[in-house]
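Protein chains in written order, with our numbering: chain F, 116 to 526; chain S, 1172 to 1489.
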């Protein structure tokens, strides 16, 4: 029949088109090879020359204002501490610190500003939302970034498929934190059902997925639908009513302390008994200060090994002397110190000096950083092909808030 | 959330109360928008910041009175002082704005005061954010917790207090507008500025009064917001400001009963409305959708009934 003939031709044409598109997509990301089964995209590695007398610039992208300054500033301070008394073959180290507000837009804007300054490497972004937005820019410029704190799965498994060669982290993925949290919730807290509240950014939604998958795999049940909120939200009343209706054993909060504070107050006003469990974004002294008595009994986890090494003690003492702040007031400071140390060490290895002029090959720098193994302030660090820290054996620590303090609790 | 088919009555009652609570705040703020629009046909986009400054003034007053150490009847006194301080601060700010940012532009094209208002709004947001290092501040956690009610119906003390004080304020405003000389002057100026002036009404003074009255309502809303949600910050006025503006348009901008109705409709749409939509199989709108629902409602109203629920006035003018 005429109709059918036409139809099948159309079908064939569409099929062919789809085939070509798929082929193109498969090839598109494959141009730069990779290692260990990881596919990299193309990074725009160049080399940067530093005139004699000029300083070597390293970027930092971090929230240094607003609610999350309490997370961002300590990370900046720790990185800068690592550079004290150090230089790159006689050249001073200059920090280019840009405020990324912990947001996607801010991360992209800070990346533009940092890259304009011809930095050779960068620390951060601190927040996964900013990382995901900024990765393409660093990749294009060939500038290696080490995030001390971005834990999202998406940071190392980007949507485009090909891994960003220029992204590494000294912290651990939520792929590790999520399952540990799920097991802890089920076995230690006896939770059979959980209700999820999450920040809609890359960090919150990533942690939501990591926890949900692991919790359900372990036989737990997520009750109700996970409820999202945007940063700076204060009205959680409607969510609390849904929680009351769903009657979970545990409320899992994937977000930051700035919203966890009003949330837990509103939750506790209606429900004193349900267990509260959150990730690293909430573990901050600002949370215990802001939520006061309502924070009592809350459980939190950090994707870092218990800091016990000699490196941490040395770092902690120096950090407290410099900043007058407690070393464990906010997480990821040791990871930031290590990230800066790794960058500075690698720079000293790859920078070539000719008559006072430094030349830094960004590809060589990237290779050198990837090869690094460090027994640092935050524990053992080495990177796998994907840019993950593969150094630690049990890189998750759990805490219970007792008497207004974070008390470590066995996992 | 299909499980909500099975949700008990108490769930819907709770969401209804949540809607009334948010709605009360929207309604209180919306009054300021609608009154200013009524007399000047101008949208005072800095009104959300008037609300924010009221909230900070209330926090300051409560902190001075003892903050978290307050107890017993002192709590009630501190809240009263906070409300008065907030009304005063908001009123002073709003009167200043009128004098500095709007009055010089009263005869300018209609876009000019609007832009001036947006400028004032941004200035105030960032000024306060800067002064507070962009951090959230917390109201003292002193309001007694607990619920009152019977059977499926129960309501938290703080929600009851919030809804009740909003209604008292709105009734007070209604009486001022309908039963006093000042109110009559306001209605006259809203009707026709030139004629009112000829009848011996001091137009400038009346306009300031309108700003002050609207600001007082916003100041009360600021303290209630602080007591209820406890977290306040320099940028807190923006979203409630836009929502209250939406409420005013929903109700019919320029109409006082309209602003109140619009506020409650919006508050209920965000809570009961969202959960209602979630009972439809396959629909799962998380809390992050509440703004989408609110603004979709605005678009819908503007298409179907551009004058809003109570607004015939605008149509007649236009």
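Note that CB positions come from ideal geometry on N, CA and C, so glycine has one too. The structure presented is a predicted model; accordingly, all values stated were derived computationally and were not measured.
Does residue i get closer than 8 angstroms to chain F when you measure Cβ to Cβ?
i: residue 1212 of chain S; result: no
i: residue 1312 of chain S; result: yes
i: residue 1324 of chain S; result: no
i: residue 1402 of chain S; result: yes
i: residue 1458 of chain S; result: yes
i: residue 1231 of chain S; result: no
i: residue 1414 of chain S; result: no
i: residue 1234 of chain S; result: no
i: residue 1186 of chain S; result: yes
i: residue 1406 of chain S; result: yes
i: residue 1305 of chain S; result: yes
i: residue 1189 of chain S; result: yes
i: residue 1498 of chain S; result: Since the displayed chain S opens at 1172 and closes at 1489, residue 1498 of chain S lies outside it and no answer follows.
Per the DSSP calculation, residue i is bridged to which residue(s)?
i: residue 496 of chain F; result: F:489
i: residue 1318 of chain S; result: S:1327
i: residue 392 of chain F; result: F:367, F:414
i: residue 343 of chain F; result: F:313
i: residue 211 of chain F; result: F:174
i: residue 504 of chain F; result: F:498
i: residue 523 of chain F; result: F:514
i: residue 469 of chain F; result: F:472
i: residue 161 of chain F; result: None; residue 161 of chain F has no bridge partner.
i: residue 1432 of chain S; result: DSSP lists no partner for residue 1432 of chain S.
i: residue 155 of chain F; result: F:278
i: residue 203 of chain F; result: F:206
For a quick check, are the C-beta atoms of residue i and residue j less than 8 angstroms apart?
i: residue 1379 of chain S; j: residue 1356 of chain S; result: no
i: residue 247 of chain F; j: residue 270 of chain F; result: yes
i: residue 1266 of chain S; j: residue 1187 of chain S; result: no
i: residue 1405 of chain S; j: residue 1305 of chain S; result: yes
i: residue 282 of chain F; j: residue 331 of chain F; result: no
i: residue 400 of chain F; j: residue 444 of chain F; result: yes
i: residue 160 of chain F; j: residue 477 of chain F; result: yes
i: residue 390 of chain F; j: residue 417 of chain F; result: no
i: residue 1354 of chain S; j: residue 1424 of chain S; result: no
i: residue 1197 of chain S; j: residue 1418 of chain S; result: yes
Nearest to residue i by CA position, among the options, is which residue?
i: residue 155 of chain F; options: F:277, F:206, F:294; result: F:277
i: residue 1241 of chain S; options: S:1178, S:1231, S:1311, S:1298; result: S:1311
i: residue 1431 of chain S; options: S:1223, S:1199, S:1184; result: S:1199
i: residue 323 of chain F; options: F:470, F:268, F:214; result: F:268
i: residue 395 of chain F; options: F:370, F:409, F:475; result: F:370
i: residue 195 of chain F; options: F:205, F:237, F:166; result: F:237
i: residue 1457 of chain S; options: F:421, F:392, F:353, F:446; result: F:353
i: residue 1234 of chain S; options: S:1210, S:1369, S:1398; result: S:1398
i: residue 378 of chain F; options: S:1452, S:1293, S:1309, S:1418; result: S:1309
i: residue 493 of chain F; options: F:345, F:521, F:511; result: F:511
i: residue 1480 of chain S; options: S:1330, S:1435, S:1459; result: S:1435
i: residue 460 of chain F; options: F:163, F:488, F:446, F:524; result: F:488
i: residue 1416 of chain S; options: S:1396, S:1394, S:1385; result: S:1385
How about residue i: is its C-beta nearer than 8 angstroms to some C-beta of chain S?
i: residue 342 of chain F; result: yes
i: residue 377 of chain F; result: yes
i: residue 231 of chain F; result: no
i: residue 407 of chain F; result: yes
i: residue 412 of chain F; result: no
i: residue 139 of chain F; result: Since pLDDT at residue 139 of chain F reaches only 46, below the 50 mark, its modelled position is unreliable, and the value read off the structure follows with that caveat. False, the Cβ-Cβ gap to chain S never drops below 8 angstroms.
i: residue 356 of chain F; result: yes
i: residue 181 of chain F; result: yes
i: residue 373 of chain F; result: yes
i: residue 439 of chain F; result: no
i: residue 315 of chain F; result: yes
i: residue 516 of chain F; result: no
i: residue 142 of chain F; result: Interpretation of residue 142 of chain F is limited by its pLDDT of 41, a score under 50 that renders its predicted location unreliable; no figure is taken from the coordinates.
For residue i, count neighbouring C-beta atoms within 10 Å of its own C-beta (all shown protein chains included) and say buried if the count is 16 or more, exposed if not.
i: residue 291 of chain F; result: buried
i: residue 1297 of chain S; result: exposed
i: residue 368 of chain F; result: buried
i: residue 442 of chain F; result: buried
i: residue 1441 of chain S; result: buried
i: residue 1476 of chain S; result: exposed
i: residue 232 of chain F; result: exposed
i: residue 1294 of chain S; result: exposed
i: residue 538 of chain F; result: Nothing can be reported for residue 538 of chain F, as the shown portion of chain F is limited to 116 through 526.
i: residue 1349 of chain S; result: exposed
i: residue 522 of chain F; result: exposed
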